[in-house]
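Colleague: My structure is below; once you've seen it, I'll send some questions.
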């Protein structure tokens with residue numbers, strides 16, 4: 002399956018967050034995303050997306066290949082194919098096909114995992130023999146460091162005749178050359194020795210730490226920043242580093258922290274340090290924490306960041322995370338997946354601020370789930386993507402979080418968007434409720450499971466970055482790797498029970 006529409010738009014919006022001045026020049030690409038045709042298909046006209054791999058070796062040279070047909074010297078590039086689940090994966094496949102370099106021989110440039118360094122718009126001449134009219138390529142260029150210097154390069158003989166390693170200052174495209182030069186000429190540093198926590202809540206806000214104004218004593222004095230610090234000898238991993246820093250600085254424990262990025266942060270003195278950034282969700286009140294360093298902690302929506310004294314690298318991290326959607330702790334299928342992704346800095350404010358709830362109230366996340374039986378009594382389950390932040394490689398209902406819409410409206414929409422199924426609200430009934438706490442201290446979840454008495458269509462994978470397949474399973478023969486509360490809900494429905502509690506003990 003090609004990359005999902007939400008993945009494409011999130012990738013491009015994250016890029017534009019770094020290069021806002023290029024939005025006007027990419028207007029035709031943005032317009033293409035609004036049309037029904039697949040923007041990655043080579044048959045989509047008047048233009049479609051291609052992906053390139055910028056491979057830099059240990060002497061800061063960029064790989065180019067000479068094409069037989071037109072004599073052009075280009076970086077490895079190609080059209081998207083049905084098996085490319087992400088845009089970066091398409092670039093890696095093109096690299097392997099054209100230059101024989103396997104994906105494992107390169108690593109994403111620090112801070113650019115899944116994010117293009119550059120997007121170029123190229124006019125492609127008409128090709129009368131194939132009846133292909135003139136059109137445009139919107140080329141997303143992903144940057145990689147050659148991991149194995151001795152990696153074999155086997156050129157695609159029928160299309161490519163020669164390879165060439167060019168110094169960065171000889172890269173032909175001016176905008177691309179400028180961006181490559183800004184990456185720095187030195188090889189990326191080794192393992193970072195600093196770690197930070199990018200903490201977000203269910204309202205789309207981010208937890209920031211106001212540092213003491215002590216110039217020359219601390220990093221980024223008097224600025225809003227992320228919690229974190231340097232690795233100590235007793236820290237076995239950088240995750241242990243960030244957890245220790247959270248505990249020591251604020252008495253804060255985040256149940257799940259996941260690697261998000263490695264960033265080169267620049268201080269006021271111009272020095273840079275590599276920082277491993279871990280993302281995690283927390284829905285507490287910063288006023289309840291005991292802060293031992295700095296002035297205060299506070300939640301901020303991304304659109305408030307320009308009003309703060311804050312580094313551009315921290316802004317960039319928040320914008321990218323907000324543009325792609327939080328990667329942590331999501332259900333199998335998100336109900337709040339945007340139909341049209343919003344650019345960073347324009348996140349919607351929460352419909353009901355936490356302060357509006359009565360004192361002591363803990364807001365619960367509401368999830369909706371589709372219980373679908375075929376004629377043989379088998380239940381529809383989806384296999385989660387192996388890279389999923391929640392329940393990777395596990396089987397789960399078609400499901401999602403309910404935001405500013407009714408539960409049934411959410412279910413009807415998700416069935417269509419995630420699996421191509423058409424159901425009507427009148428054909429749906431509540432079958433089971435699971436009141437769940439995933440991890441002690443985490444936000445409670447009210448999981449509503451609805452049975453559809455009638456539906457149209459055959460389940461198909463519409464968003465392969467979340468779900469890789471759909472299948473019907475007999476309730477007595479569920480896969481071993483079925484999500485625990487999914488299994489509990491199915492057992493409850495069969496026993497004609499309406500309610501189950503899990504995790505509260």
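In our numbering, the protein residues as written are 2 to 506. Virtual Cβ for every residue (Gly too), placed ideally from N, Cα, C.
Report the three-state DSSP secondary structure of residue 483 (helix, strand or coil).
Modeller: Three-state DSSP puts residue 483 in a strand.
Colleague: Spatial neighbours of residue 262 within its chain, please: CB distance less than 7 Å, with the 5 preceding and 5 following residues excluded, ordered by chain position.
Modeller: Excluding positions up to five away in sequence, the list reads 112, 114, 278 and 318.
Colleague: Please give me, in chain order, every unbroken run of the alpha helix (DSSP H) with length at least 4 that falls completely inside the region 105-137.
Modeller: Listed in chain order, nothing qualifies, since the region 105-137 has no complete alpha helix (DSSP H) run of 4 or more residues.
Colleague: Using DSSP's beta-bridge definition, name the partner residues of residue 300.
Modeller: Answer is 208, bridged to residue 300.
Colleague: Just to confirm my understanding: we take residue 110, look at its own chain, exclude 5 residues before and 5 after, and list those with CB closer than 8 Å. What are they?
Modeller: Same-chain partners within the cutoff: 57, 118, 144, 145, 146, 184 and 189.
Colleague: Would you identify the three-state DSSP class for residue 52, choosing helix, strand or coil?
Modeller: Looking at residue 52 - three-state DSSP - the assignment turns out to be strand.
Colleague: Taking DSSP as the reference, what is the three-state secondary structure of residue 10?
Modeller: Residue state, collapsed to three classes: helix.
Colleague: Have a look at residue 198 and residue 210 and give me their C-alpha separation to the nearest angstrom.
Modeller: Going from the Cα of residue 198 to the Cα of residue 210 covers about 11 Å.
Colleague: What do you get for residue 271, buried or exposed, if any count of 16 or more other CB atoms within 10 angstroms of its CB means buried?
Modeller: With a pLDDT of only 41 at residue 271, under 50, the local geometry of the prediction cannot be trusted, and no value is derived from it.
Colleague: Identify whether residue 74 lies in helix, strand or coil by the three-state DSSP scheme.
Modeller: Correct three-state label for residue 74: strand.
Colleague: On a CA-only basis, which of 297, 255, 249 and 307 is nearest residue 282? Give me that one, please.
Modeller: Minimum Cα distance to residue 282 is reached at 255.
Colleague: Can you name, in chain order, every residue of its own chain whose Cβ lies under 8 Å from the Cβ of residue 26, other than the five neighbours on each side?
Modeller: Only 122 meet the Cβ criterion.
Colleague: So, is residue 395 buried or exposed, given that buried needs 16 or more other C-beta atoms within 10 angstroms?
Modeller: Answer is buried; the Cβ neighbour count reaches 16.
Colleague: Distance check for residue 248 and residue 241, CA to CA, integer angstroms please.
Modeller: Roughly 10 Å between the two C-alpha positions.
Colleague: Hey, would you say residue 54 sits closer than 8 Å to residue 92, going by beta carbons?
Modeller: Yes. Within cutoff.
Colleague: Is residue 332 buried or exposed, if buried means 16 or more other CB atoms sit within 10 Å of its CB?
Modeller: Confidence is the limiting factor: at residue 332 the pLDDT is only 32, short of 50, which leaves the residue's position unreliable, though a coordinate-based value still follows. Residue 332 should be labelled buried.
Colleague: State the CB to CB distance for the pair residue 65 and residue 74, rounded to an integer number of angstroms; the pair is presumed to be in contact (CB under 8 Å).
Modeller: Residue 65 to residue 74, Cβ: 5 Å. Contact.
Colleague: Which residues share a DSSP beta bridge with residue 65?
Modeller: Residue 65 is bridged to 165.
Colleague: Below 6 Å CB to CB, which residues in the same chain sit around residue 484 once its five sequence neighbours on both sides are set aside?
Modeller: So the qualifying residues of the chain are 392, 395 and 397.
Colleague: For residue 4 versus residue 88, is the C-beta distance shorter than 8 Å?
Modeller: Cβ distance < 8 Å, so residue 4 and residue 88 count as in contact.
Colleague: For residue 474, write down the residues that DSSP places opposite it in a beta bridge.
Modeller: According to DSSP, which records beta bridges pairwise, residue 474 is partnered with 380.
Colleague: Please tell me whether residue 369 and residue 451 are closer than 8 Å, where the distance is taken between their beta carbons.
Modeller: Contact: yes.
Colleague: What separation, rounded to the nearest whole angstrom, lies between the Cα atoms of residue 142 and residue 321?
Modeller: Each residue's Cα considered, the two are about 17 Å apart.
Colleague: Considering residue 176, what are the terminal residues of the alpha helix (DSSP H) in which it resides?
Modeller: Taken as a continuous stretch (DSSP letters only), the alpha helix (DSSP H) holding residue 176 covers 175-183.
Colleague: So, residue 164 versus residue 100, is the Cβ gap smaller than 8 Å?
Modeller: Cβ distance < 8 Å, so residue 164 and residue 100 count as in contact.
Colleague: Closest to residue 381 by CA distance: which of 201, 313, 232 and 479 is it?
Modeller: Of the listed residues, the one whose Cα sits closest to residue 381 is 479.
Colleague: Residues in the same chain with beta-carbon distance under 7 Å from residue 315, minus the five sequence neighbours each way, listed in chain order, please.
Modeller: Same-chain partners within the cutoff: 226 and 227.
Colleague: From which residue to which residue does the alpha helix (DSSP H) around residue 248 run?
Modeller: First-last of the alpha helix (DSSP H) with residue 248: 239-251.
Colleague: Are the CB atoms of residue 120 and residue 138 nearer to each other than 8 Å?
Modeller: Not a contact, by the Cβ cut-off of 8 Å.
Colleague: In chain order, what residues of the same chain lie with their CB nearer than 8 Å to the CB of residue 176, ignoring the 5 residues before and after it?
Modeller: 119 and 121.
Colleague: Please state whether the Cβ-Cβ distance between residue 449 and residue 429 is less than 8 Å.
Modeller: No, the Cβ-Cβ distance between residue 449 and residue 429 is not below 8 Å.
Colleague: Would you report the Cα separation of residue 10 and residue 444, rounded to the nearest angstrom?
Modeller: One C-alpha to the other measures close to 29 Å.
Colleague: Per DSSP, what are the beta-bridge partners of residue 395 in this structure?
Modeller: Note: residue 395 sits in no beta bridge, so no partner.
Colleague: Measure the C-alpha to C-alpha separation of residue 21 and residue 51 and round it to an integer number of angstroms.
Modeller: If I take the Cα positions, the gap works out to 21 Å.
Colleague: Is the distance from the Cβ of residue 463 to the Cβ of residue 420 below 8 Å?
Modeller: Yes.
Colleague: Using a Cβ-Cβ cut-off of 6 Å (strictly less than) and excluding sequence neighbours within five positions of residue 251, which residues of its own chain qualify?
Modeller: Excluding positions up to five away in sequence, the list reads 290 and 292.
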